[in-house]
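Chemist:
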Amino acid sequence: MPRLLLLLAFLAFGLPAAAQTVAPPPHASTLTLPQVQLPPMPDISAGHAAALGTGLFAGALAGSALINGGFIGAAIGAIAGVTIGNWAWKEHGPED
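Here the sequence shown stands for residues -19 to -1, 1 to 77, numbered as in mature numbering (1 follows the signal peptide of the UniProt record, and there is no 0).
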């Protein structure tokens, strides 16, 4: 019982501090952010994404079934499936 009362007392001390609000800066509506130059996105087509997704799903399913189930088997299978899906798309996908 004393532990519960002590916990409630500590929580009561934290409530007034949590209720304080911070006033926004006076010119918050005129705040402008600098333009950030993003790095270029990799050139990936819908077919390549489908090959990677199919490899990920099939690899996770096969890894889970063949390596006694569980997360580790699914993770190993997913990594292998993505690798095989990427290789298959690069080797047998349409020519750019």
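Where a beta carbon is used, it is the ideal one built from N, C-alpha and C, also for glycine. If you're wondering where the values come from, they're calculated on a predicted model, not measured in any experiment.
1) CB-CB under 6 Å to Gly54, same chain, minus the five flanking residues each way: which ones, in chain order?
2) Can the beta-carbon of Gly34 be found less than 8 Å from the beta-carbon of Gly58?
3) Compute the Euclidean distance between the alpha carbons of Lys71 and Gln16, then round it to the nearest angstrom.
4) Considering Ser45, what are the terminal residues of the alpha helix (DSSP H) in which it resides?
5) Measure the C-alpha to C-alpha separation of Val63 and His73 and round it to an integer number of angstroms.
6) Measure the beta-carbon distance from Ala69 to Ala32 and round it to whole angstroms, keeping in mind my assumption that it falls under 8 Å.
7) CB-CB under 6 Å to Gly36, same chain, minus the five flanking residues each way: which ones, in chain order?
8) Pull up the distance between the alpha-carbon of Asp24 and that of Ala30, whole angstroms please.
Modeler: Put simply:
1) Gly44, Ser45, Ile48
2) no
3) Roughly 35 Å separates the two Cα atoms.
4) Unbroken alpha helix (DSSP H) run through Ser45: 27 to 47.
5) 15 Å
6) 6 Å
7) Gly62, Val63, Ile65, Gly66
8) 11 Å
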